[in-house]
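Enquirer: The structure follows.
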Amino acid sequence: MNLTDKIEFINSVLNELYPEPDIPLDHDNNFTFLIAVMLSAQSTDKKVNEITPKLFSKANTPKKMDTLSENEIRTIIREIGLAPTKAKNIKKTCKQLLERHNGKVPDNFEDLEKLPGVGHKTASVMMAQAFNVPAFPVDTHIHRLAFRWGISNGKNVQTTERDLKATFEEKDWNRLHLQMIFYGREYCQARKKICECKICSFVRKS
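If you're matching positions, the sequence shown starts at 11 in the numbering used here and goes up one per residue.
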């Protein structure tokens with residue numbers, strides 16, 4: 011099967027299932043979105059959405075968050091994985107936003123990746139979903155799907171990101187990022203050693 015046919019099939023299935031995918035993390039501004047994405051590392055979006063209303067009702071700006079102590083933040087987010095580290099990073103990030111960016115979330119990779127607790131994946135999510143800049147954040151679902159679908163070799167997330175960007179049109183990256191996450195959760199789950207989902211079956215038979 012040639013790559014063009016595979017990509018057309020993948021796009022057709024994902025576009026049919028998720029024509030206009032919504033951002034799964036609840037937020038009301040770029041700052042709360044950044045905090046939600048930071049909290050989502052090694053946690054589920056569902057758990058983050060359960061925790062953040064209480065946090066954001068107290069502090070939905072860097073200035074307000076900075077008035078909370080690290081211990082207060084940690085107590086509110088305690089049910090989320092790596093809560094102590096995340097509380098520390100949230101506190102440091104708020105100070106950096108206030109001191110270097112006038113309390114605003116920066117809209118470029120370089121400054122985002124300098125924020126404590128913000129790696130390339132989190133920065134990519136912000137660039138794609140908050141600022142509509144083409145990016146292809148790779149989480150565990152996307153990494154798994156790219157390997158199963160024969161788009162990448164599964165070596166590491168950096169390789170997967172590079173391969174996905176080379177495979178799909180840039181204009182589709184931001185939408186595909188969300189579509190693949192939703193598809194991975196619903197149809198192409200990790201516990202399936204041999205997946206029989208529509209796309210995996212097509213790729214295997216072709």
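All residues carry an ideal CB built from backbone N, CA and C; glycine is no exception.
With DSSP collapsed to three states, give me the class of G194.
Expert: DSSP, reduced to helix, strand and coil, places G194 within a helical segment of the structure shown.
Enquirer: Check whether the Cβ atoms of T71 and F41 lie closer than 8 Å to each other.
Expert: Note that the C-beta distance between T71 and F41 is below 8 Å.
Enquirer: Could you tell me the distance, in whole angstroms, from the CA atom of K98 to the CA atom of K57?
Expert: 19 Å
Enquirer: Please state the DSSP three-state secondary structure of P144.
Expert: P144: coil per DSSP, three-state reduction.
Enquirer: On the three-state DSSP scale, how would you describe E60?
Expert: helix
Enquirer: Any beta carbon of chain C sitting closer than 8 Å to that of E82?
Expert: No chain C appears in the structure shown, which is made up of a single protein chain.
Enquirer: Specify the secondary structure class of E179 as computed by DSSP and reduced to three states.
Expert: Correct three-state label for E179: coil.
Enquirer: What residue from G160, A156, E82 and P94 has the CA that sits closest to V7's CA?
Expert: The question about residue 7 has no answer, for the chain in this structure spans 11 to 216.
Enquirer: What residue does the alpha helix (DSSP H) around A51 start on, and which one ends it?
Expert: Note, A51: premise wrong, no alpha helix (DSSP H); not H, not E.
Enquirer: Would the beta-carbon of L24 fall within 8 Å of that of Q189?
Expert: yes
Enquirer: When the Cβ atoms of the region 197-214 are set against those of the region 177-187, are three or more pairs found closer than 8 Å?
Expert: no
Enquirer: Using 10 angstroms around the beta-carbon of T14, count the other beta-carbons present and answer buried if the total reaches 16, otherwise exposed.
Expert: exposed
Enquirer: Give a yes or no on whether the C-beta atoms belonging to G113 and K64 are separated by under 8 Å.
Expert: no
Enquirer: Check N81 in the structure and name its three-state DSSP category.
Expert: N81 falls in the helix class under three-state DSSP.
Enquirer: CB D36 to CB T62, shorter than 8 Å?
Expert: yes
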